[in-house]
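To keep things clear, I will list the structure first and then write my remarks on it.
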Amino acid sequence: MAKIGRGSEQAMIRLPDGMRDRLKEEAKKNGRSMNAEIVARLEATFYDPTGHSATEALNSVIAANYINATKIAAILREALERVESLPLGDVRVEDMEGYSPDGSQ
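Each residue of the sequence shown is one higher than the one before, starting from 151 at the first, in the numbering used here.
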């Protein structure tokens, strides 16, 4: 139950083991009180200057990665088709220009 104090609401919360110590360390690193650290972290989850939610931002990243993966897959398919269309013969990987068994050039 929240109660009013110092011009703002107060709330009692339970933290998982170890979280209080982590918050205390982070607050010290950031030069804030523990309360200010908690409030800053909560505000960061609610506020996005672009107006997008964290879920929307994550969905954008996922979509961009999917597009990139699709492009890479198409490039790999084309490369494989080219390799498969090469005439068979006595070609050895070791004879190919730039080949090095340890990956060095």
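Quick reminder that beta carbons are idealized off the backbone N, C-alpha and C, glycines included.
Pairwise C-beta distances place the stretch 158-174 in contact with the stretch 182-189, as three or more of them are shorter than 8 angstroms. Put simply, the backbone Cα of Asp-167 is about 36 angstroms away from that of Asn-215. Under the criterion of beta carbons closer than 8 angstroms, Ala-207 and Thr-195 do not qualify as touching, at roughly 12 angstroms. Assigned with DSSP and collapsed to three states, Ser-235 falls in helix.
Per DSSP, Glu-159 is one residue of the beta strand (DSSP E) stretching across 158-160.
Under the three-state reduction of DSSP output, Asp-171 falls in the helix class. Where Ile-188 is concerned, the enclosing alpha helix (DSSP H) starts and stops at 184-196. Linking Ile-163 to Leu-230 through their CA atoms gives a straight-line distance of about 58 angstroms.
If you ignore the 5 residues before and after Leu-165, its C-beta comes within less than 7 angstroms of no other C-beta in its own chain. Distances from the alpha-carbon of Val-189 to those of Val-211, Asn-209, Gln-160, Ile-212 put Gln-160 closest.
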